[in-house]
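Here is the structure we will look at.
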Amino acid sequence: MQKRAGLPAGVSSTVQRFKGLGEMMPQQLWDTTLNPATRLLRRLTIEDAHAANEMIHVLMGSKVGPRRKLIEDHGSRLSVADLDI
């Protein structure tokens, strides 16, 4: 376990990364994603489907170069608070 900034004294947490939901244990998947009492659903509206499709291909595609360029060009405009973690 690692101490994370902003947590009260005596409280610790662990950070885990998964490539996909299938890597989680069933209870962990329920607790973090499926439980209707605690999950958060957001409705997304896509105004430009073509631009959204291109961005998905850059972010999720197998080519590293375009993804790296996107991060280098625009990454400085983001803060840790912008991350959904």
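Numbering (UniProt numbering), first residue to last: 1 to 85. Heads up, the beta-carbon is just placed ideally off N, CA and C, and yes, glycines get one too. Just so it is clear, the structure is predicted and the values come from calculations on it, not from any experiment.
Distance check for S13 and H74, CA to CA, integer angstroms please.
Within the sequence shown, numbered from 1, the residue matching residue 74 stands at position 74. Within the sequence shown, numbered from 1, the residue matching residue 13 stands at position 13. Computed Cα separation, rounded: 30 Å.
Whole angstroms is fine: what's the gap from V58's alpha carbon to P66's?
Stepping through the sequence shown from its first residue, residue 58 is reached at position 58. Stepping through the sequence shown from its first residue, residue 66 is reached at position 66. Going from the Cα of V58 to the Cα of P66 covers about 6 Å.
Look up S79 in the DSSP assignment and say whether it is helix, strand or coil.
By one-based count along the sequence shown, residue 79 stands at place 79. Coil at S79, not helix or strand.
Could you spell out where the alpha helix (DSSP H) holding I56 opens and where it closes?
Translated into positions along the sequence shown, residue 56 becomes position 56. Counting along the chain, the alpha helix (DSSP H) containing I56 begins and ends at 49 to 60.
For R39 versus T45, is the C-beta spacing smaller than 8 Å?
Within the sequence shown, residue 39 is the residue found at index 39, counting from 1. Within the sequence shown, residue 45 is the residue found at index 45, counting from 1. Cβ atoms of R39 and T45: not closer than 8 Å.
Let's see if you can read the secondary structure: which residues bound the alpha helix (DSSP H) around G22?
Start at 1 with the first residue of the sequence shown, and residue 22 comes out as number 22. No alpha helix (DSSP H) contains G22, which DSSP labels as neither H nor E.
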